[in-house]
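K.L.:
Residue numbers (full-length UniProt numbering), protein chains in the order written: chain V, 1 to 340; chain F, 1 to 289.
C-beta: ideal position from N, C-alpha, C; glycine also.
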Amino acid sequence: MRPILLSGHERALTQVKFSKEGDLLFSVSKDHIICAWYSANGERFGAYKGHQGALWTVDVDPTTTFLASGGADNTIRLWEVRTGRLLKTWEFTTSIKRVEFSEDGRQLLGVTEKRMNQLSTVIVYDIKQDVEAEQGDEPSLRIVVDELPKVTVAGFSYLNKYIITGHEDGSVSQYDAKSGEMLHNAFSHDDGMQVTDLQWSADRTYFITSSKDKTAKLHAADSLEVMKTYPTDTPLNSAAITPDPVQYVILGGGQAAMDVTTTSARQGKFEARFYHKIFEEEIGRVRGHFGPLNYVAVDPTGKCYASGGEDGYVRVHHFDESYYEFRYEVEREREQGIRF
Amino acid sequence: MPGRTDWADDDEPDLATSIPPPQVTKNKDGTETVITIFINEDGKRVKRTQRIKRTVIKKKENPRVAERRQWAKIGPEAGKPPGPRPDTTTLGENIIFRPVVGFKSGQQQEKNPEEDKKADALKKMQIKCRICQGDHFTTKCPFKDTMAPEGEAAGPPPDMDERMGGGGAEGGLGGGIGGSYVPPHMRKGAGASSGGERMGGKFERDDLATLRVTNVSEFAEENDLREIFERHGRVTRVFLAKDRDTGRAKGFAFVSYADRSDAARACEKVDGYGFGHLILRVEFAKKST
Numbered sequence: 001m002r003p004i005l006l007s008g009h010e011r012a013l014t015q016v017k018f019s020k021e022g023d024l025l026f027s028v029s030k031d032h033i034i035c036a037w038y039s040a041n042g043e044r045f046g047a048y049k050g051h052q053g054a055l056w057t058v059d060v061d062p063t064t065t066f067l068a069s070g071g072a073d074n075t076i077r078l079w080e081v082r083t084g085r086l087l088k089t090w091e092f093t094t095s096i097k098r099v100e101f102s103e104d105g106r107q108l109l110g111v112t113e114k115r116m117n118q119l120s121t122v123i124v125y126d127i128k129q130d131v132e133a134e135q136g137d138e139p140s141l142r143i144v145v146d147e148l149p150k151v152t153v154a155g156f157s158y159l160n161k162y163i164i165t166g167h168e169d170g171s172v173s174q175y176d177a178k179s180g181e182m183l184h185n186a187f188s189h190d191d192g193m194q195v196t197d198l199q200w201s202a203d204r205t206y207f208i209t210s211s212k213d214k215t216a217k218l219h220a221a222d223s224l225e226v227m228k229t230y231p232t233d234t235p236l237n238s239a240a241i242t243p244d245p246v247q248y249v250i251l252g253g254g255q256a257a258m259d260v261t262t263t264s265a266r267q268g269k270f271e272a273r274f275y276h277k278i279f280e281e282e283i284g285r286v287r288g289h290f291g292p293l294n295y296v297a298v299d300p301t302g303k304c305y306a307s308g309g310e311d312g313y314v315r316v317h318h319f320d321e322s323y324y325e326f327r328y329e330v331e332r333e334r335e336q337g338i339r340f
Numbered sequence: 001m002p003g004r005t006d007w008a009d010d011d012e013p014d015l016a017t018s019i020p021p022p023q024v025t026k027n028k029d030g031t032e033t034v035i036t037i038f039i040n041e042d043g044k045r046v047k048r049t050q051r052i053k054r055t056v057i058k059k060k061e062n063p064r065v066a067e068r069r070q071w072a073k074i075g076p077e078a079g080k081p082p083g084p085r086p087d088t089t090t091l092g093e094n095i096i097f098r099p100v101v102g103f104k105s106g107q108q109q110e111k112n113p114e115e116d117k118k119a120d121a122l123k124k125m126q127i128k129c130r131i132c133q134g135d136h137f138t139t140k141c142p143f144k145d146t147m148a149p150e151g152e153a154a155g156p157p158p159d160m161d162e163r164m165g166g167g168g169a170e171g172g173l174g175g176g177i178g179g180s181y182v183p184p185h186m187r188k189g190a191g192a193s194s195g196g197e198r199m200g201g202k203f204e205r206d207d208l209a210t211l212r213v214t215n216v217s218e219f220a221e222e223n224d225l226r227e228i229f230e231r232h233g234r235v236t237r238v239f240l241a242k243d244r245d246t247g248r249a250k251g252f253a254f255v256s257y258a259d260r261s262d263a264a265r266a267c268e269k270v271d272g273y274g275f276g277h278l279i280l281r282v283e284f285a286k287k288s289t
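#1: Shortest alpha-carbon distance to A263 of chain F belongs to which of F:P142, F:F229, F:L280?
#2: Is C129 of chain F helix, strand or coil by DSSP?
#3: Spatial neighbours of K228 of chain V within its chain, please: C-beta separation below 6 Å, excluding the five flanking residues on both sides.
#4: May I ask which residues mark the beginning and end of the alpha helix (DSSP H) holding P243 of chain V?
#5: Rounded to the nearest angstrom, how far is the Cβ of R106 of chain V from that of D137 of chain V, given a contact under 8 Å?
#6: Any beta carbon of chain V sitting closer than 7 Å to that of E221 of chain F?
#7: Going by DSSP in three states, L109 of chain V sits in which element: helix, strand or coil?
#8: At what residue ranges does the UniProt domain "RRM" (209-287) of chain F contain a whole run of the alpha helix (DSSP H), taking only runs of 4 or more?
#9: Can you name the start and end residues of the alpha helix (DSSP H) that A177 of chain V belongs to?
#10: To be precise: take each residue of the segment 125-137 of chain V, compare its Cβ to all Cβ atoms of chain F, and keep it if any distance is under 7 Å. Which residues remain?
#11: Look at the Cβ atom of D130 of chain V, then the Cβ atom of F101 of chain V, and state whether they are nearer than 7 Å.
#12: With residue 378 of chain F and R281 of chain F assumed to form a contact (beta carbons below 8 Å), what rounded beta-carbon distance in angstroms separates them?
#13: Taking the C-alpha atoms as reference points, what is the distance between R142 of chain V and K114 of chain V?
#14: Start and end of the beta strand (DSSP E) containing R45 of chain F?
#15: Which two residues bound the contiguous beta strand (DSSP E) that contains P231 of chain V?
#16: Give a yes or no on whether 7 Å exceeds the smallest Cβ distance from G78 of chain V to chain F.
#17: Rounded C-beta distance between Y305 of chain V and A240 of chain V? I'm assuming under 8 Å.
#18: For the alpha helix (DSSP H) containing E91 of chain V, list its first residue and its last residue.
#19: Spatial neighbours of T121 of chain V within its chain, please: C-beta separation below 7 Å, excluding the five flanking residues on both sides.
#20: Using the three-state DSSP reduction, which class does K140 of chain F fall into: helix, strand or coil?
#21: Using a Cβ-Cβ cut-off of less than 7 Å, give me the residues of the segment 39-54 of chain V that come near chain F, in sequence order.
#22: Going by the CB atoms, is the gap between P139 of chain V and residue 341 of chain V shorter than 7 Å?
#23: In chain V, which residues lie less than 9 Å from G102 of chain F when you measure between Cβ atoms?
#24: Go ahead and pull the three-state DSSP assignment for N294 of chain V.
#25: Just the C-alpha distance for L109 of chain V and E271 of chain V, rounded to the nearest angstrom, thanks.
#26: With 7 Å as the limit, tell me which residues of the UniProt domain "RRM" (209-287) of chain F have their beta carbon closer than that to any beta carbon of chain V; keep them in chain order.
#27: So S322 of chain V is in the beta strand (DSSP E); what residue range does that whole segment cover?
#28: If you follow the beta strand (DSSP E) that E282 of chain V is part of, which residue opens it and which one closes it?
#29: Under 8 Å by Cβ, that's how I've got S307 of chain V and G252 of chain V pegged, so tell me the actual separation to the nearest angstrom.
#30: Who does W200 of chain V pair with in a DSSP beta bridge?
#31: Ordered along the chain, which non-local residues of its own chain (more than five positions away) have a Cβ less than 6 Å from that of I4 of chain V?
#32: Quick one: grab the DSSP three-state call for R315 of chain V.
#33: Return no unless some Cβ of chain V is closer than 7 Å to the Cβ of V24 of chain F.
#34: So, A36 of chain V versus F45 of chain V, is the Cβ gap smaller than 7 Å?
#35: Between R334 of chain V and chain F, is the shortest Cβ-Cβ distance under 7 Å, so that the two count as touching?
#36: Would T209 of chain V and G166 of chain V be called neighbours here (beta carbons separated by less than 7 Å)?
In structure tokens:
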């Protein structure tokens with residue numbers, strides 16, 4: 001496969017997201033700009049300008065109408081994807097580490113950072129499904145996280161039932177998405193090792209977390225039980241679950257950006273690692289970035305994946321045959337068993 | 001041609017400019033043959049015969065995706081023509097991604113330091129003329145015929161010799177006394193680890209982990225074999241002998257492993273394995289002479 005290199009950003013990428021149909025790709029970086037790309041050929045659709053600080057996060061709603069972004073300028077902004085119009089700005093006292101739309105796109109959550117005597121909060125807004133409507137100022141839910149360390153990532157589970165948060169100390173907790181009450185708390189990663197990413201399976205019944213403790217773990221949304229563990233040899237920044245028909249997870253990481261200059265690209269382990277989701281075994285790697293991978297995202301239709309690196313590039317990889325054809329012996333036997 | 005009345009008017013220049021319409025003939029196999037006559041930039045008449053096969057490719061596309069593709073670009077891209085722009089979008093080099101069972105991270109990293117060493121060795125091996133100390137081969141020296149090599153009687157300086165050993169091919173160029181030819185096996189360092197010896201060693205190692213597979217179905221493909229053999233270790237090469245005319249397999253193949261123990265295991269496991277309608281026979285390849 002020949003990767004498409006997208007060089008619309010001048011600084012390190014922080015997040016990349018695909019639209020639901022996988023045709024558009026949104027990328028945010030520390031250079032204050034959001035870029036939108038056609039994933040098929042790498043053509044840039046446009047850019048959304050307005051933020052005054054580094055951007056940490058972006059998400060697009062399932063209809064690809066709204067785009068939400070958050071960053072170090074302490075704002076969450078809502079954009080119209082098609083025209084690039086800024087629809088709403090919500091202001092906060094600390095920076096925004098994560099935004100995510102719910103499965104139905106009617107709710108948007110944001111995570112504010114714990115800093116300057118401000119506690120981490122998870123806020124939820126109801127999004128009016130009309131680009132002309134004035135979005136409300138007040139959140140429909142505000143979860144103040146006081147007894148736990150600061151929240152780094154969060155997301156909505158299936159049917160907006162839970163909000164799952166990942167914390168700086170490697171723990172994962174589950175909140176009721178209606179009442180904001182904490183239901184579960186699990187210490188799944190090594191103590192003190194930050195949860196760096198949380199991505200959902202297609203049906204949002206389970207999710208994968210990546211951590212600085214060099215592992216990624218697959219959790220059930222209901223029980224927070226760790227179902228699978230993928231050990232690596234490098235701190236991880238991101239983990240993604242590939243959609244059907246293949247059963248892989250893609251992990252991205254590499255040593256911390258500040259140590260990069262002292263080692264060669266090869267030792268830095270700046271590769272996307274493919275693990276088999278069920279057998280927890282590494283099956284391959286894709287190299288290319290000069291710096292750590294800050295985010296990996298998979299096209300929900302399974303045609304390609306994109307990685308955003310500290311080096312300022314987004315690389316879009318369209319999978320070729322070998323990606324779809326690879327099977328373990330037992331998988332092959334099972335398939336044949338079904339056929340006869 | 002209006003105004004042409006008599007065939008006699010049909011002179012040379014007229015012939016050169018008159019272009020018959022393209023002839024299209026339909027062939028039996030569904031293709032079309034188009035014969036076009038046109039005049040190229042040099043003013044010459046060119047007859048072009050094209051065989052065209054038309055295939056209709058139906059593609060399903062999500063209407064939302066199709067609609068989004070028509071959106072007018074925004075921001076810095078506003079008003080720019082469709083298609084990727086070279087300033088923001090480039091194609092990277094091709095990456096081979098082939099998932100394998102039991103991927104070992106060491107595989108790539110083991111190989112790479114070797115490459116590094118090679119590159120370093122190349123860097124260290126500067127070219128130095130033994131006659132004039134210039135940075136060219138001794139044979140290319142402009143003073144070759146007028147001056148004898150420096151320190152000729154004592155042979156080349158020892159550090160030089162080492163370099164020659166590493167250099168492989170160059171080892172012979174001036175290795176002997178007075179520039180006379182010395183056969184490879186007589187050269188200095190040939191016994192220990194000269195370039196030539198290493199080459200042979202490489203082939204030998206290759207052979208040790210190579211299996212000969214016979215009784216292969218003639219409809220087999222290299223990929224099928226690769227799949228079978230990859231289960232037992234990292235396969236470096238699969239060669240399936242094919243008939244040049246029919247493109248079918250001739251019935252035998254060679255499979256090389258990175259590791260001999262993998263090869264031995266595969267030899268044991270796959271020998272007697274039913275593939276297609278035949279039973280595979282696997283044995284270690286005999287060393288080619």
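P.N.:
Reading off the structure:
#1: F:F229
#2: coil
#3: L218, E280
#4: Run containing P243 of chain V: none; DSSP gives neither H nor E here.
#5: That pair is no contact at about 17 Å.
#6: no
#7: Three-state DSSP puts L109 of chain V in a strand.
#8: 222-230, 260-270
#9: Looking at the DSSP string, A177 of chain V is not in any alpha helix (DSSP H), and its letter there is neither H nor E.
#10: Going along the segment 125-137 of chain V in chain order, one finds no residue with a Cβ nearer than 7 Å to chain F.
#11: no
#12: This structure cannot speak to residue 378 of chain F, because chain F is shown only from 1 to 289.
#13: 14 Å
#14: 45-52
#15: For P231 of chain V, the enclosing beta strand (DSSP E) stretches over residues 226-231.
#16: The identity of residue 78 of chain V in the sequence shown is Leu, whereas the question assumes Gly. No - not a single Cβ of chain F is within 7 Å of the one on L78 of chain V.
#17: 7 Å
#18: It is not in any alpha helix (DSSP H) - E91 of chain V instead sits in the beta strand (DSSP E) that spans 86-91.
#19: T112, R142, I143, V144, V145
#20: Reduced to three states, the DSSP call for K140 of chain F is helix.
#21: The segment 39-54 of chain V vs chain F, Cβ under 7 Å: N41, G42, E43, R44, F45, G46, A47, Y48, K49.
#22: With chain V covering 1 to 340 only, the question about residue 341 of chain V has no answer from this structure.
#23: E281, E282, I283
#24: Three-state DSSP puts N294 of chain V in a strand.
#25: Approximately 30 Å, taken between the alpha carbons.
#26: R231
#27: Taken as a continuous stretch (DSSP letters only), S322 of chain V belongs to no beta strand (DSSP E), being part of the alpha helix (DSSP H) at 321-325.
#28: Its beta strand (DSSP E) spans residues 282-286.
#29: 6 Å
#30: Among the bridge pairs identified by DSSP, W200 of chain V is matched with V:F207.
#31: G42, V316
#32: strand
#33: no
#34: Yes.
#35: no
#36: Yes.
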